[in-house]
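Engineer: My structure is below; once you've seen it, I'll send some questions.
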Amino acid sequence: MLAFSVAEAKAQLSAIIEMVEHGETVTITKRGKPVVNMVPANAPPRKPKWNLEEARAIRERTLMMKENSVEIIRKMRDGEINE
């Protein structure tokens with residue numbers, strides 16, 4: 000991934016657009032922090048990191064546990080449970 004400051008992007012906009020057209024992802028920064036990501040228009044949509052159904056299933060499993068994480072960690076520290 001390439002990065003350009005706002006000033007650099009203004010000066011080289013045509014070249015940056017050409018890079019993006021050829022598949023590059025370009026980040027524009029302002030005071031060193033990313034503010035814009037330029038991606039090709041035909042880029043595949045990003046898959047979300049979390050699937051809502053998966054998150055719900057994990058939540059249900061944890062709610063069904065007989066012990067909470069504090070109790071489990073306490074038992075591990077006391078040697079009652081092996082990691």
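The end of the sequence shown is residue 82 by numbering that gives the first Met the number 0, with every number in the run present. Using N, Cα and C, we set each Cβ at its ideal position, and we do this for glycine too. Predicted model, so just to flag it, every value in this text is computed and none were measured.
(1) Would you kindly check if the distance between the Cβ of residue 28 and the Cβ of residue 37 is under 9 angstroms?
(2) Look up residue 62 in the DSSP assignment and give the residues it is bridged to.
(3) Return the chain-ordered list of same chain residues with a C-beta closer than 8 angstroms to the C-beta of residue 58, the five sequence neighbours on each side being excluded.
(4) Could you compute how far the alpha carbon of residue 45 sits from the alpha carbon of residue 32?
(5) Ends of the alpha helix (DSSP H) at residue 27?
Structural biologist: In this structure, then:
(1) Annotated as distal: residue 37 and residue 28, with beta-carbon spacing of 9 angstroms or more.
(2) Partner residues in a beta bridge of residue 62, as assigned by DSSP, do not exist.
(3) Around residue 58, the same chain offers no residue with a beta carbon nearer than 8 angstroms, after the five sequence neighbours per side are excluded.
(4) Each residue's alpha carbon lies about 22 angstroms from the other.
(5) Segment 25-29 is the beta strand (DSSP E) holding residue 27; no alpha helix (DSSP H) there.
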